[in-house]
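Undergrad: My questions will all concern the structure given below.
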Amino acid sequence: MEVKVPRISERTIEAEATALLDRYSKEHEPILQPPVPVDELPEMILQVRLEFDDLRKLVGRGDAIGATWFETREIYIDQSLDPTEHPRKRGRYRFTVGHEIGHWVLHRRFVPDRASQMALFEGRAPEPSILCREANKREPAEWQADRFSSYLLMPQDLILKAWREIRGKAPWVFDLPKYRTAVANGFTDSFDVVAKDMMNHIASDFAPQFGVSTEAMRIRLENLGLLKKVQGRQLLDLEAAG
């Protein structure tokens, strides 16, 4: 079902993710280094059961990857993302779990309570409270859950610590000289495309230890200002000066 949610600020989303991690650290053990134990959070902190299933068959949607039933406190991840069977999908699995946790934390209060209807069903309602599909990933609730997952899996303090250990304190900036060097080395794409490729290369040094995809790590590093590119007016000014 599509969930209508109000606007939630980035600051609020990050604060909610941080609070969940802090609770885990206080009740179990401090999270001093990555990866964040994301698949422990549902049961150990939220008292929510996390399971794999053939979700696409279960809900009748061929692009379903995650689903949450609030009434029965269940989160299901499609078995195609099981990292035991599909190790290369570990990052996608972890991000999807974080995404579903985001729905639980951010959106549960906005979903109509169906508890009074549960007597009509065996075990759980046939439709999940929230169904995550490839087709609806641009909806506000999905975007917010994605942001939550990013903050949860890649906390700022751990990212900054890892960055300092590998690259020092300064951000990495893709500018016109770097672009010209890339072109001289055989790159033929636009400034933005080459910048993305180069930033992905930097992000790939960090993604494995956090258990996320290279793309997710690149986006997080960009948002933190650790990966930057000179673009737009700045690039035109540089080209004119060169």
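Numbering of the sequence shown is given in this note's numbering, commencing with residue 2 and proceeding in unit increments. Don't be surprised by glycine CBs; every beta carbon is placed ideally from N, CA and C. No experiment lies behind these values; they were computed from the predicted model shown.
#1: Identify whether Ile-78 lies in helix, strand or coil by the three-state DSSP scheme.
#2: Please classify Arg-8 as buried or exposed, where buried requires at least 16 other C-beta atoms within 10 Å of its C-beta.
#3: Hey, quick one: how far does the beta strand (DSSP E) through Arg-110 stretch, first residue to last?
#4: Run through the DSSP bridge pairs and tell me what Trp-70 is partnered with.
#5: Could you tell me if Phe-96 is buried or exposed, where buried requires 16 or more neighbouring beta carbons within 10 angstroms of its beta carbon?
#6: Throw me the rounded Cβ distance for the Gly-67 and Glu-101 pair, which I believe falls under 8 Å.
#7: Tell me whether the region 159-170 and the region 137-144 touch, counting them as touching only if at least three CB pairs, one residue from each stretch, are closer than 8 Å.
#8: Going by DSSP, what residues sit across from Val-174 in a beta bridge?
#9: Straight-line CA distance for Val-194 to Ala-217?
#10: Whole angstroms are fine: how far does the CA of Asn-186 sit from the CA of Asp-40?
#11: Can you grab the Cα-Cα spacing for the pair Tyr-94 / Lys-197, in whole Å?
#12: According to DSSP, is Glu-11 part of a helix, a strand, or is it coil?
#13: Rounded to the nearest angstrom, what separates Gly-61 and Tyr-25 at their Cα positions?
#14: Excluding five sequence neighbours on each side, which residues of the same chain lie with their C-beta closer than 6 Å to the C-beta of Met-155?
#15: I'd like to confirm the pairing. Which residues does DSSP put opposite Phe-53 in its beta bridges?
#16: Apply the 10 Å Cβ neighbour rule to His-108 and answer buried if 16 or more other Cβ atoms are within range, or exposed otherwise.
#17: Taking Leu-132 as part of the beta strand (DSSP E), name the residues at either end of that continuous run.
#18: Taking the alpha carbon of Asn-201 as the point to measure from, which residue in Phe-111, Glu-223, Ile-160 and Asp-114 has its own alpha carbon closest?
TA: Reading from the atomic positions:
#1: Locating residue 78 in the sequence shown gives position 77, where the first residue counts as 1. Annotated three-state conformation of Ile-78 is strand, per DSSP.
#2: Taking the first residue of the sequence shown as 1, we reach residue 8 at position 7. Arg-8 comes out exposed.
#3: For the purposes of this step, residue 110 is taken as residue 109 along the sequence shown, with counting starting at 1. Here Arg-110 belongs to no beta strand (DSSP E), and DSSP marks it neither H nor E.
#4: One-based indexing of the sequence shown puts residue 70 at position 69. Trp-70 is bridged by DSSP to Glu-75.
#5: Sequence index remark: in the sequence shown, residue 96 carries index 95 (1-based). Buried, by the Cβ-count rule.
#6: Counted from its first residue, the sequence shown places residue 67 at position 66. Counted from its first residue, the sequence shown places residue 101 at position 100. With a Cβ gap of about 5 Å, Gly-67 and Glu-101 count as contacting.
#7: no
#8: For the purposes of this step, residue 174 is taken as the residue at position 173 of the sequence shown. Note: Val-174 sits in a beta bridge opposite Lys-229.
#9: In the sequence shown, residue 194 corresponds to position 193, counting from 1. In the sequence shown, residue 217 corresponds to position 216, counting from 1. Taking the straight line joining both Cα atoms gives about 17 Å.
#10: Taking the sequence shown and counting its residues from 1, one reaches residue 40 at position 39. Taking the sequence shown and counting its residues from 1, one reaches residue 186 at position 185. Their Cα atoms are separated by approximately 43 Å.
#11: As a position in the sequence shown, residue 94 is number 93, starting the count at 1. As a position in the sequence shown, residue 197 is number 196, starting the count at 1. Rounded to the nearest angstrom, the two C-alpha atoms are 23 Å apart.
#12: Walking along the sequence shown from the start, residue 11 turns up at place 10. DSSP places Glu-11 in helix when its eight states are reduced to three.
#13: Locating residue 61 in the sequence shown gives position 60, counting from the first residue. Locating residue 25 in the sequence shown gives position 24, counting from the first residue. Computed Cα separation, rounded: 35 Å.
#14: Translated into positions along the sequence shown, residue 155 becomes position 154. If you ignore the 5 residues before and after Met-155, its C-beta comes within less than 6 Å of the C-beta of Phe-211 and Arg-221, all in its own chain and listed in chain order.
#15: If you number the sequence shown from 1, residue 53 lands on position 52. DSSP, once it has assigned bridges, lists Ile-78 as partnering Phe-53.
#16: Here residue 108 refers to the residue found at position 107 of the sequence shown. Buried.
#17: If you number the sequence shown from 1, residue 132 lands on position 131. First-last of the beta strand (DSSP E) with Leu-132: 131-134.
#18: For the purposes of this step, residue 201 is taken as the residue at position 200 of the sequence shown. Nearest C-alpha to Asn-201: Glu-223.
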